[in-house]
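Below is one structure, written out as structure tokens; the observations come after it.
Number of protein chains: 2
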Amino acid sequence: MTKRLWDITELYFDPKRQHHYETLFTIGSGYLGTRGAFEESYPGDTPATLIHGIYNHIPGALVPELVNAPNWLPINVTVDGTPFQVILNVDKADFMTPPNGLALGYSRSLHMDTGLLQREVLFRAASGNIVRLTFSRFASLHDQHVMAQRLTVTAVDGSPAITISAGIDTHVTNAGARHWSADRQIKASGSRCAVQVTTEPSGYTVGMAAALISDYPTHGITEGLRASMTISFTLQQEESRIIDKLTAIYTSRDVINPLETAEAKLEEAAVIGYQMLFDAHCHEWEKYWTTADIRIDGDEEIQRAVRFTTYHILIPTPRYDERASVGAKTLSGLGYKGHVFWDTELFLVPPLILSQPHLARNLLMYRYHNLHGARNKAKANGYQGAMFPWESTDTGEETTPQWSDPQPDGTRIRIWTGDSEQHISTDITYAILKYWRWTNDREFLLKHGAEIVLDTAAFWGSRVEYNAEQNRYEVSQQIGPDEYHENIDNSVFVNRMAQWHLQTALDLLEWLRANAPADADRLTTALDLTPKRLTHWRDVIAKMYIPFDREQGIHIQFPGFFEMEYIPVPKYHPRTRSVQEIIGHARTIQSQVIKQADVVMMMALLGEDLSVPAGLDVRQVMINNWNTYFPRTDHGSSLSPAMHAWVAARLHLNDEAYEMLHHAAHIDLQDNKGNVRDGIHAAACGGVWQAIIFGFCGLHIDANGELALDPHLPAHWREVNFNVYYRGEQRTFSVKNSV
Amino acid sequence: MTKRLWDITELYFDPKRQHHYETLFTIGSGYLGTRGAFEESYPGDTPATLIHGIYNHIPGALVPELVNAPNWLPINVTVDGTPFQVILNVDKADFMTPPNGLALGYSRSLHMDTGLLQREVLFRAASGNIVRLTFSRFASLHDQHVMAQRLTVTAVDGSPAITISAGIDTHVTNAGARHWSADRQIKASGSRCAVQVTTEPSGYTVGMAAALISDYPTHGITEGLRASMTISFTLQQEESRIIDKLTAIYTSRDVINPLETAEAKLEEAAVIGYQMLFDAHCHEWEKYWTTADIRIDGDEEIQRAVRFTTYHILIPTPRYDERASVGAKTLSGLGYKGHVFWDTELFLVPPLILSQPHLARNLLMYRYHNLHGARNKAKANGYQGAMFPWESTDTGEETTPQWSDPQPDGTRIRIWTGDSEQHISTDITYAILKYWRWTNDREFLLKHGAEIVLDTAAFWGSRVEYNAEQNRYEVSQQIGPDEYHENIDNSVFVNRMAQWHLQTALDLLEWLRANAPADADRLTTALDLTPKRLTHWRDVIAKMYIPFDREQGIHIQFPGFFEMEYIPVPKYHPRTRSVQEIIGHARTIQSQVIKQADVVMMMALLGEDLSVPAGLDVRQVMINNWNTYFPRTDHGSSLSPAMHAWVAARLHLNDEAYEMLHHAAHIDLQDNKGNVRDGIHAAACGGVWQAIIFGFCGLHIDANGELALDPHLPAHWREVNFNVYYRGEQRTFSVKNSV
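Next up, the structure:
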């Protein structure tokens, strides 16, 4: 594999795509993420640094949001007095000495192998002198409190006078919302500057300290809300200078004195220096890729795209923090306000279980530490056990907004997901079980995982409704993955997954009794798992209503689904919008158009454990289900295509599987949905990894507890190679195409 | 190899890139080329159909140009009265019923395997009804007088009333210049329409006839300068209708009655029908690709790009016409006005010699038929023999403009290439010799080729200047491939190639005397090849001044070159402009910055026949030359990178070779130079093919007259497979990477 498939390169800067590339070129360390905005800024840019756990809820806002931290990127350069900017065009008459300068060349690459973002610009100042500016930046994976930047300035033509002003800017908002209190420390002296800011009202403090490292006298100044350090020098023609900027960061989540700690860390980093920081950083990246990289031979487009999606799984995931999790847009944009959804457990966690199990554990621990929020939610809604919030932040409380932002006509739309998308608790349980089966991490299961599994089972035990007339259990008012259909009764996805959840809980308890009786006793007592309650669970499992059409041999998404208007989705080919947009919201919800197929998601999760009525062949039902639901699904959710790719691959539907995989892998790169400016589609990234490993390669744990493959690669793929962890050991797989 | 590497797809329509894609998506048949403008037009579009040989020189213009023919593309559709257009955005308030309609989806692909351009648009009319429109078009490779279009309209939502108006538009100009006389025939009746137009003053007539083929009553009408045929119908929901439009075309270069012949051909095509026309067309394309396709395993980006460049070699090359040749911008744009340069013989002809030798022959015959123009030019300049024009059109006369278009300050710049770029005659001879060596086409050589070789040698015999003081022959006032340096004396490229040319002529004459004495006698008499003249040639060969620096072991581009300002080109990395643009024209011409290295071109053409002074190792001189000239070359010419790739591959400079190949292969696809709107860079296309086959694969005729390989593939390439013709037989090569 050559280096060229490790880079994403922007050959020309197009201001219209500025926000798209800011998102794509986000760097991160598992501690924070920083969008790929320019050091010198550009009109309309949206720089953002998002730090795990730093949420704030300002008065008047519906919900809390992850706070945009002070901007540590600024490096402003002037060349003979002309401020450097990526100016692309000038009047012909001004061509040789454009008054605001001119970029004569531009290239920017994200090196995914090392998480390094690099930009080279050839810039001619108004004076006519030409410089080359090379900017590099990385957020250290070796020391997550350190970020490093390097600027190399080369005098290409002439002897330009250069000034460089670099610093930290606390004048930042979340698209206008101000989270930082007016009480700030902003200081600068010599080659150092530092800031400390505090969210209001949540009271998180962030301290940042930066150093400008050069051979020149450096002047620290503060101006308004910005601290900076300035140097000036003149270059001889062809002379080159390297200027490094290092930034250290701590928050009150890490230490009691973030500013002082950041300052101390900065001095430590300054002694180590850019190059050694980078070497240590690369070493960590190498370890990441050893097990995260899927090497695909025979499809360079997918190869590069899969590295991109994997990169965006790795950079937001906390390495040393069990109390933060990854939001639906990672740390790469303000979309969904940094809230954590099921995207984490069902899309991001599985790739991490196999490739970086310690990171998967961190994410699962976030849920453990927030069990109180889930218990509060259950209690507030009149249920028992733990009912996790649909959207979660630092508090573990439900933080789904109840209302949308105002529509063009001024009205707001009621958002029901926080009320009704209750499958989140089962999604978390599913991830815990997957983690347990793949890692054999007994300590986690006994101390943390089992409690979540059992207490969320207790929620379902209290949540289900007994229909005496039918002698069956039902669940009303739910939203499944297909969010076009809200507050429906007896979602097959919800009912079947709740049934699976209860059975899993019973099995687990039995296993605990046999293998860890003390923990079984402790949990039985603490969670009040009385024999009566367990008997009830067994009754629910036996009598859960699973909507099924025997005649067609298919699962029914929910009773009444097929009575609605049938609109075959493929007829809208080629479309760049969802069918919901095309036909309108009102008609969509009264139709069989599906955002993401519940039944397909269920097949992805359960495979042949779907449970079908006696006498039916499960594979045939799966095919029937696919044939029924695929043509009804518009993939209005970015979560959808990868799951469909996975299931199609399992069903040997090679064309559909590849089409869906290609779609999923390019959601961010091609900005298919036009909203990448708001952040990476994390679930799509995680879904792609799963589609390839679990779907195309068919990696699974077999009946004997051994890893096994069942590959169905696209016809033009030659080979897929990857390493995964299984029960603490690294295992290597090479899947050759048998087609 | 999968189909996906045969397509170039535009996923989103970006009006800013409209002209770029019009050029990329040109279709052609070797008879005409038609840019990829939309059937229904789009604001600012630049549709053009260019037919070989139809030049016109209007009063006031500096030179003749290839004339933009009547537009045969128009198909205008209205849906419930809303004119179909690719409208991408509407106000939010209008979203459901936009007054001008809205494109809900768009996709356009050029299928390079079959030369089919296809576009699908999902369109919602103001009425709310939605249709899918699928447009296909091809210029028949089986019958070059026929073009076919197919429109499939599908009622996706609602029962829309459709009107389709299709026709031929004679209201066309060359960017404002009017070439068609006011005297036109424009007629329409029922499902047929036709036009006949005549260039003024050149007097070429073009006749075009079109049929609209559907099940509906069709009304022919003429409106102004356009003839069209209209149908109306209403579709039921989900109903689909196929409407075909066929167009036939003849010119007065083909027949005496173009309009009538076109009408007759149209009826013939209408009987055959779209599908059978397409099948026959595909069959011809299959034959083309058998020998034109280079199959690269291990580099999908280059694979697709090379198919693209090869496609654009194939579509403009005349199949049945010896009196037209391919211009520098092919038939894909108005750039260089359709004039024929050395690009044809040194860049396009070699790939055709190996892959479609009959097409190479057509292009060489164009020069034979225009020998009179070359003789006129020689005579007018006081020389003997044949001196081919730098820019050639239908007349064979010199048609290089002497002056540029007006500059911003109103002045014009003198263009010297028509006066001084005299190597064109040798370039043609080089192509003839290559054709002869690879095809063994004795008939061509004896009847046509030899006469060109010998008479252009006669030109050089009269052109060289004897310097008595130095006892050597010199050539003054030349321009080599490096056009930054004009009117220089003793260009090493010109002098060495003229020397090679004279030697080649002598060798050929000797061979003719031995193998075809009657032809030798005929040519000796006709061209006045007296013993005295031949003795003079020998003297010139022996005493030609080849500027060489013995100390450095390098060829000197021209004496004085190294006394000019030295500007290392790599220092301007990364640049998206030529160094000439960056530092200005005045400074460039006084510097060592090279547009395209003469010495590298010479190494491409002559390889180890470079001729170096006794005692020097030719390989070492080649390396020295490369090291000298490569860092001075800014590739301001699109011809440059491929030639550098070729030579670098021969010198085993793998990184430079690949970098140059990648650059060359993407000049059009990525629009590196920002001028693809004016047409395809034909020479770059032909250069890419040569760089791979002659450079990377090292295919050559060895000392025994056998084909041999000397491969140096980029490290990440696995294998290259191709078929070529050698002396009438098809030969298959598989080059595996030995790295």
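First to last, the protein sequences are chains A and B. Sequential numbering from 1 applies to the first sequence in this note's numbering. Sequential numbering from 740 applies to the second sequence in this note's numbering. Every residue, glycine too, gets a C-beta built ideally from N, C-alpha and C. Computed from a prediction, not measured in an experiment: that's the story for all the values here.
*Rounded to the nearest angstrom, how far is the Cβ of residue 590 (chain A) from that of residue 563 (chain A), given a contact under 8 Å?*
With a Cβ gap of about 10 Å, residue 590 (chain A) and residue 563 (chain A) do not count as contacting.
*Using a Cβ cut-off of 8 Å, which residues of the region 549–577 of chain A contact any Cβ in chain B, in chain order?*
Listed by position, the residues of the region 549–577 of chain A near chain B (Cβ gap below 8 Å) are 571, 572, 573, 574, 575, 576 and 577.
*The alpha helix (DSSP H) with residue 647 (chain A) in it runs from where to where?*
Here the alpha helix (DSSP H) through residue 647 (chain A) covers 640–650.
*Tell me whether residue 213 (chain A) is buried or exposed, calling it buried when 16 or more other Cβ atoms sit within 10 Å of its Cβ.*
Per the 10 Å Cβ criterion, buried.
*Of the choices B:1410, B:1402, B:1448 and B:982, whose alpha-carbon is the least far from that of residue 1427 (chain B)?*
The alpha carbon of residue 1427 (chain B) has as its nearest neighbour, out of B:1410, B:1402, B:1448 and B:982, the alpha carbon of B:1402.
*Have a look at residue 740 (chain A) and residue 17 (chain A) and give me their C-alpha separation to the nearest angstrom.*
Outside the shown range of chain A, which is 1 to 739, sits residue 740 (chain A), and nothing can be said about it.
*What does residue 1011 (chain B) touch in chain A if you count any residue whose Cβ is under 9 Å from its own?*
Contacts between residue 1011 (chain B) and chain A, judged by CB atoms closer than 9 Å, are missing: the closest CB pair is about 30 Å apart.
_In chain order, what are the residue ranges of uninterrupted alpha helix (DSSP H) at least 4 long that sit wholly in the region 1186–1271 of chain B?_
Taking only runs of at least 4 residues, the alpha helix (DSSP H) segments lying wholly in the region 1186–1271 of chain B are 1189–1202, 1231–1254 and 1256–1265.
*DSSP three-state assignment for residue 534 (chain A), whether helix, strand or coil*: Of the three classes helix, strand and coil, the one that applies to residue 534 (chain A) here is helix, per DSSP.
*If we cut at 8 Å on Cβ distances, does residue 1225 (chain B) have a partner in chain A?*
With 8 Å as the cut-off, residue 1225 (chain B) does not count as an interface residue toward chain A.
*Would you report the Cα separation of residue 1405 (chain B) and residue 1421 (chain B), rounded to the nearest angstrom?*
So the alpha carbons of these two residues sit roughly 12 Å apart.
*asked:* Could you check whether the Cβ of residue 1321 (chain B) sits closer than 8 Å to any Cβ belonging to chain A?
replied: Yes, contact with chain A.
*Does the distance from the C-beta atom of residue 459 (chain A) to that of residue 425 (chain A) stay below 8 Å?*
By the CB criterion at 8 Å, residue 459 (chain A) and residue 425 (chain A) fall inside the cutoff.
*Neighbour list for residue 845 (chain B) in chain C, Cβ cutoff strictly below 8 Å*: No chain C is present in this structure, whose protein chains are A and B.
*Anyone know if the C-beta pair for residue 154 (chain A) and residue 204 (chain A) falls short of 8 Å?*
Not in contact: residue 154 (chain A) and residue 204 (chain A) (Cβ atoms no closer than 8 Å).
*With distances taken Cα to Cα, identify the nearest neighbour of residue 175 (chain A) among A:68, A:514, A:470 and A:607.*
Per the Cα distances, A:68.
*Is the region 644–656 of chain A touching the region 575–586 of chain A in the sense that three or more CB pairs, one from each, lie closer than 8 Å?*
The region 575–586 of chain A is not in contact with the region 644–656 of chain A.
*asked:* Can you tell me whether residue 1463 (chain B) is helix, strand or coil according to DSSP?
replied: Strand at residue 1463 (chain B).
*Which residues in the same chain have their Cβ closer than 6 Å to the Cβ of residue 471 (chain A), if we skip the five residues on either side of it in sequence?*
Same-chain partners within the cutoff: there are none.
_For the region 118–145 of chain A, list every residue whose C-beta sits within 9 Å of some C-beta in chain B, in sequence order._
So the list reads 120, 121, 122, 124, 130 and 132, given in the order they occur along the chain.
*Whose C-alpha, out of A:163, A:143 and A:257, is nearest the C-alpha of residue 185 (chain A)?*
Checked all of A:163, A:143 and A:257; the closest Cα to residue 185 (chain A) is A:257.
_C-beta contact flag for residue 544 (chain A) and residue 466 (chain A) at 8 Å_ = No, Cβ-Cβ distance for residue 544 (chain A) and residue 466 (chain A) is not below 8 Å.
*Establish whether the CB of residue 629 (chain A) and some CB of chain B are separated by less than 8 Å.*
At a cut-off of 8 Å between C-beta atoms, residue 629 (chain A) does not count as an interface residue with respect to chain B.
_Between residue 895 (chain B) and chain A, is any beta-carbon pair separated by less than 8 Å?_
With respect to chain A, the C-beta atom of residue 895 (chain B) has a partner C-beta closer than 8 Å.
*List the residues of chain B that residue 670 (chain A) touches, going by C-beta distances under 7 Å, in chain order.*
Chain B residues near residue 670 (chain A): 750.
*Measure from the C-beta of residue 300 (chain A) to each C-beta in chain B and report whether the shortest distance is under 8 Å.*
Closer than 8 Å: yes.
*Is the distance from the Cβ of residue 6 (chain A) to the Cβ of residue 112 (chain A) below 8 Å?*
Cβ atoms of residue 6 (chain A) and residue 112 (chain A): closer than 8 Å.
*What is the rounded straight-line gap between the Cα of residue 56 (chain A) and the Cα of residue 177 (chain A)?*
Roughly 10 Å between the two C-alpha positions.
_Taking its Cβ as the centre, do 16 or more other Cβ atoms sit within 10 Å of residue 418 (chain A), making it buried, or is it exposed?_
Around the beta carbon of residue 418 (chain A), 16 or more other beta carbons lie within 10 angstroms, which makes this residue buried.
_With a threshold of 7 Å on Cβ separation, who are the neighbours of residue 1024 (chain B) within its own chain once the five nearest residues in sequence on each side are excluded?_
Shown here for residue 1024 (chain B): same chain residues with a beta carbon closer than 7 Å to its own, the five before and five after excluded, namely 852, 853, 854 and 880 in chain order.
*Does any C-beta atom of chain B lie closer than 8 Å to the C-beta of residue 365 (chain A)?*
Closer than 8 Å to the CB of residue 365 (chain A) there is not a single CB belonging to chain B.
*Would you mind working out which of A:233, A:254 and A:541 sits nearest residue 464 (chain A), comparing C-alpha positions?*
Taking each of A:233, A:254 and A:541 in turn and checking the Cα distance to residue 464 (chain A), the smallest one comes out for A:541.
*Taking the DSSP output, what are the residues bridged to residue 83 (chain A)?*
The secondary-structure analysis by DSSP pairs residue 83 (chain A) across a beta bridge with A:78.
*Pull out every residue of the region 1381–1406 of chain B whose Cβ sits closer than 8 Å to any Cβ of chain A, in chain order.*
Under the 8 Å Cβ criterion, the region 1381–1406 of chain B contributes no residue.
*Compare the C-alpha of residue 151 (chain A) against each of A:166, A:4 and A:14 and name the closest.*
It is A:166.
*With a cut-off of 8 Å, do at least 3 Cβ pairs link the region 1117–1126 of chain B to the region 1076–1084 of chain B?*
The count of Cβ pairs closer than 8 Å, one atom from the region 1117–1126 of chain B and one from the region 1076–1084 of chain B, stays below three, leaving the stretches out of contact.
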